[in-house]
Structures are given as C-alpha cells and as structure tokens.
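Residue numbers are given in my numbering: position 392 of the sequence shown equals residue 401, and the series is strictly consecutive. Cβ atoms here follow ideal geometry from the backbone N, Cα and C, with glycine treated the same way. The model shown is predicted, which means the values in this text are computed figures rather than measured ones.
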Amino acid sequence: MTMSHAVPDNDRPPPVRAVFSAVTWKEIAYLVSNLPLAIVGFVYAVVMVSTAGGLSVTAVGIPLLACGLYLSRQLGRLDRARARGLLGVRVDEPTPIPGPKRSGGFFPWLWTSIKDPVGWRTVLYQLIRLPWGVLTFTVALTGLFVLWPVLPYLVRLMANVDRAMVRGLLSPSDDLERRIAELESDRGVVVDTAAADLRRIERDLHDGAQARLVALAMGLGLAKEKLLEDPEGAAAMVDEAHGEVKLALQELRDLARGIHPAVLTDRGLDAALSSVAARCVVPVKVVVDLPGDAAGGAARDAAGGAAGDAARGRPAEAIEGIAYFVVSELLQNVSKHAGPGARGATVEVWRAGARLMIRVSDDGKGGASPSGGSGLAGLAERLGAVDGVLVVDSPAGAGTVVTAELPWRDRDRG
10 MTMSHAVPDN DRPPPVRAVF SAVTWKEIAY LVSNLPLAIV GFVYAVVMVS
60 TAGGLSVTAV GIPLLACGLY LSRQLGRLDR ARARGLLGVR VDEPTPIPGP
110 KRSGGFFPWL WTSIKDPVGW RTVLYQLIRL PWGVLTFTVA LTGLFVLWPV
160 LPYLVRLMAN VDRAMVRGLL SPSDDLERRI AELESDRGVV VDTAAADLRR
210 IERDLHDGAQ ARLVALAMGL GLAKEKLLED PEGAAAMVDE AHGEVKLALQ
260 ELRDLARGIH PAVLTDRGLD AALSSVAARC VVPVKVVVDL PGDAAGGAAR
310 DAAGGAAGDA ARGRPAEAIE GIAYFVVSEL LQNVSKHAGP GARGATVEVW
360 RAGARLMIRV SDDGKGGASP SGGSGLAGLA ERLGAVDGVL VVDSPAGAGT
410 VVTAELPWRD RDRG
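Rendered as structure tokens:
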C-alpha cells in the first residue's frame, strides 16, 4: 500500500484575490524567510555530509553521520512546523528511531540511524532548497514594489511548489511509517487485552474457587473438631464439604475452559465450537470446513494416526484460540441480545486462501453495532491486533451476521 499525497480539503488555501488576504501575507512571509533558513540548512547539510564522509575511514565518522542525520530530523521538524503555521500544510511527524536499548544494542541502532530514509530526505530537502530560496526571496521581496498587481498569483504558485516539496520530502516514509504506526497501536491493544485477561482470571479465582476452597477448609476443620464428640454432625459437614469440592472443581474447569479449553487442543475447532454452541440459549448449527479438524481427531490418534496427523491443516494455536474466543463471545451476544424471537443461529468456519473465515449469524432482533456496548468493539480491536477484520451486518428486525477474518498460519508440527 502507498500513502496518497492528495491534499485534504481543509489544507487547500482559499482562492487568490487581487487584494492581499491573510493567507497571502503568510505565504509571502514563508517565501521571504526561505532564504536565511535555506542558507543555514544548506551549510549544515554540506558540512555534515563532507565531515562525516571524510572521517568515515575512522571510528568517528559513522557515529558522527548517525548524529548528523538525527539533527537533520530536527531541522525537518522545524520546517514542518513552519509550513504548518504559514502554509497550512499538515504533515504527520515521522516515527522516532528507537534508542540503543530498544534497538537491541549500539550497533543495530547505529545501522538503523545511518539508513534512516527520513534523515536522508531531509538532507536532500536542505540541499535543493537553497537555489529555490534565492528565487522565492527575490521574487517575493521585489514583487512587493514592482509586481504587486500580479504578486498574489506568483506567491500562490511558488507557495504551492513549497507545499509539494514539504509533502514529498518531509513526509513519513509511506509503507514503513504506516506499518510502524499500526504495529505500535496493535502492540498497545495486545498489552491491554492481556492485562484485562489476567485481571479477569485473578478476579474469577479470588471470588470463585479461592473463596469456595477457603470455606471448604474451614468446614473440614470444624468437622475434624466434632469427629469424636458428634460423629453424625461431622459426617454431615463432610458431606457438605464434598459438595463444595465438586462446585470448586466445576468452577476451575469453567475457568480453564475460558482460558483455553482442552477439547480445543485435543480435537480442534469443530468439537470446541460444538461444545460452546451447546451452552447457547438458542439452537446453534456449527459447520467447520477445515482439513484435519474433526471431532474424530482423538479416535485417529488412538488408532495410531499420531497427533501430527490430527494437526495437519489446522491453524496455529494462537489463531485457533482467537477464533474460539471470537465465536464464544459472539454466541454470548446471541444469548443476551438476540431477543425472545430468535429461533436459531449458525456458526461457519472455513479457510479462504491465507485467511481463516468465521461467520456467526442469527435470526434475532438485529440492531447490533460495534459502538452499542455489545462487546463487538473489543472483538474488533483484538482481531485488529493480529491483522484481522470484523464486519457487522445487523439491520434492525432482520437478524445479525458477523463475519470475522483472521490470518492463516500453519501449525508448527516440529
């Protein structure tokens, strides 16, 4: 993908008028200030490149070049701010180069700094701007006294050239910069999601199984004290404790199922999603069309097919876990929001090239929206963190169809 440099409507200056407007005066100020700033930038670029190039045969030259390119980035930041204030050009700031600690050490950071495309394009901008700065300074300054009737048109023409130079040379690197920004955003989503999952597990353990086990320990302690004095009462308390143990085990099973159910690991998505569908309040039809993923996977293993055969054709464990989580959340939404008129739902999972496709549909009341508090926004963020997509089609009164796409990655059999 390439980033379009089309000018947004709010960046377009107003039409030129014979009477100088505030925009025209700002453009004149920009063009007149081009020369002194261009001289500074040109001198810096020439001295930096020549000095670093001359010292490149020594141990000082390469680090000096890296520092020079870093300072070039700062000059580019000032030029973008000046263009934003006087020309109304809004250019995103490039992503900073990570420091030595985040880059994996000094030498990886040094190599990244030397090949920095933003720094080199800023150096090129400083070099070619000097002759252009001489021209704009001369035309703008002398035009105020000689060519003032047509000066607004000349100023607009030269300012548009400056706008094009700023967008072309001082903008972030198209694909790389956009991808870095996406990865930074996705990393934040992954971190937040993992933290939320850990808090949920901790809360469930503290409020559920842990509290029940504490009560169980207290009950068994009291039964131990009554064992000799009141055997019947102690037996009743032990019987009650036995029931508490069963409930605690069930809660631990439910918690483990919510993290990563054993049936998903052993038998794949077909069996795991069928188990989830059985707990939905409406009848659910599950159709999983994935090679190697079938409820009979365990039987094949028992017959000597080996676990690798059962895993053949299945997606990577992380993708499979996210797919299970997505379907589980969507079926919970069906139970909560489909309404009493819902008669059934369908879950379809299949592979389409390099994508794992999931579609969950129901014939309920519809009207679902990612911003409607149904948890769809969180699902979209979780899918986006792994380059997935969530599409919701839910007209009011006509049911809901949610389609999710995940990248397909083959399971490691090694």
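What does a CB cutoff of less than 6 angstroms around residue i pick up in its chain, not counting 5 residues either side in sequence?
i: Thr412; result: Arg368, Val400
i: Val247; result: Ala232
i: Val291; result: Ala351, Gly353, Ala354
i: Met57; result: Gly77
i: Glu36; result: Val164, Ala168
i: Pro181; result: Asp101, Pro103
i: Arg7; result: With the chain covering only 10 through 423, there is no way to say anything about residue 7.
i: Gly138; result: Per the sequence shown, residue 138 should be read as Arg rather than Gly. Same-chain partners within the cutoff: Ala47.
i: Asp371; result: Val343, Ala347, Ala351, Ala354, Gly408, Thr409
i: Tyr79; result: none
i: Ala311; result: Low local confidence applies: a pLDDT of 35 at Ala311 is under 50, so the model's placement there is unreliable, and no value is given.
i: Asp396; result: Pro416
i: Gly242; result: Lys235
i: Gly387; result: none
Does the beta-carbon of residue i have 16 or more other beta-carbons within 10 angstroms, so that it is buried, or is it exposed?
i: Val159; result: exposed
i: Glu338; result: buried
i: Glu234; result: exposed
i: Met227; result: exposed
i: Ala405; result: exposed
i: Pro240; result: exposed
i: Asp298; result: exposed
i: Gln135; result: buried
i: Pro349; result: exposed
i: Glu288; result: Reading off the sequence, residue 288 comes out as Arg, not Glu. Exposed.
i: Val69; result: exposed
i: Glu238; result: exposed
i: His346; result: buried
i: Val296; result: exposed
i: Thr151; result: exposed
i: Leu40; result: buried
i: Gly94; result: exposed
i: Pro324; result: buried
i: Ser403; result: buried
i: Leu258; result: exposed
i: Thr67; result: exposed
i: Gly373; result: buried
So the beta strand (DSSP E) residue i belongs to, where does it begin and stop?
i: Glu102; result: No beta strand (DSSP E) holds Glu102; DSSP gives it neither H nor E.
i: Ala399; result: The residue asked about is misnamed: residue 399 is Leu in this sequence, not Ala. Where Leu399 is concerned, the enclosing beta strand (DSSP E) stretches over 398-402.
i: Ile367; result: 364-371
i: Val290; result: Neither: Val290 is in no beta strand (DSSP E) and is coded neither H nor E.
i: Arg130; result: Arg130 -> not in any beta strand (DSSP E); alpha helix (DSSP H) instead, spanning 126-152.
i: Val356; result: 354-361
Within the same chain, show all residues whose beta-carbon is closer than 8 angstroms to that of residue i, passing over the 5 residues directly before and after it, in chain order.
i: Glu326; result: Thr274, Arg420
i: Leu392; result: Ile331, Val335, Val398, Leu399, Ala413, Glu414, Leu415
i: Arg364; result: Glu414, Leu415, Pro416, Trp417
i: Ile328; result: Leu365, Val395, Leu415, Pro416, Trp417, Arg418
i: Leu385; result: Asn342, Ala377, Ser378, Pro379, Leu399, Val401, Val411
i: Arg86; result: Glu102
Quick check: is the beta carbon of residue i nearer than 8 angstroms to any beta carbon in chain D?
i: Leu299; result: Reference to chain D is not applicable here, since this structure consists of a single protein chain.
Any heavy atom of the ligand GDP closer than 7 angstroms to the Cβ of residue i?
i: Leu156; result: No copy of the ligand GDP occurs in the structure displayed, which carries no ligand at all.
How close, in whole Å, do the beta carbons of residue i and residue j come, if the pair is a contact with beta carbons under 8 angstroms?
i: Leu407; j: Gly375; result: According to the sequence displayed, residue 407 carries Ala and not Leu. The pair is a contact, with the Cβ atoms about 5 angstroms apart (cut-off 8 angstroms).
i: Arg89; j: Leu144; result: 22 angstroms between Cβ atoms; not a contact.
i: Ser81; j: Gly128; result: 5 angstroms
i: Leu73; j: Ala61; result: 5 angstroms
i: Ala394; j: Pro379; result: Rounded, the Cβ-Cβ distance is 15 angstroms, inconsistent with contact.
i: Val254; j: Val293; result: That pair is no contact at about 32 angstroms.
i: Leu229; j: Ala244; result: Actually they are not in contact, since the Cβ atoms of Leu229 and Ala244 sit about 12 angstroms apart, beyond 8 angstroms.
i: Leu44; j: Phe146; result: 4 angstroms
i: Leu278; j: Arg221; result: Not quite, the Cβ-Cβ distance comes to about 32 angstroms (not below 8 angstroms), so this is no contact.
In the DSSP assignment, the alpha helix (DSSP H) including residue i goes from what residue to what residue?
i: Glu390; result: 385-393
i: Arg420; result: No alpha helix (DSSP H) holds Arg420; DSSP gives it neither H nor E.
i: Lys294; result: Careful: Lys294 lies outside any alpha helix (DSSP H), inside the beta strand (DSSP E) at 293-298.
i: Trp157; result: Element bounds for Trp157: n/a, residue is neither H nor E.
i: Ser59; result: 31-63
i: Thr121; result: 115-123
i: Ile71; result: 70-95
i: Ile106; result: Unbroken run through Ile106: none, as it is neither H nor E.
i: Gln219; result: Gln219 -> no alpha helix (DSSP H), and no H or E assigned at all.
i: Val343; result: 326-346
i: Leu278; result: 278-286
Looking only at its own chain, which residues have a Cβ that is under 7 angstroms from the Cβ of residue i, when we skip the five neighbours before and after it?
i: Val285; result: Val336, Ser337, Leu340
i: Val155; result: none
i: Leu7; result: This structure cannot speak to residue 7, because the chain is shown only from 10 to 423.
i: Gly108; result: Trp118
i: Val272; result: Ala280, Ala281, Ser284
i: Gly50; result: Leu84, Gln135, Arg138
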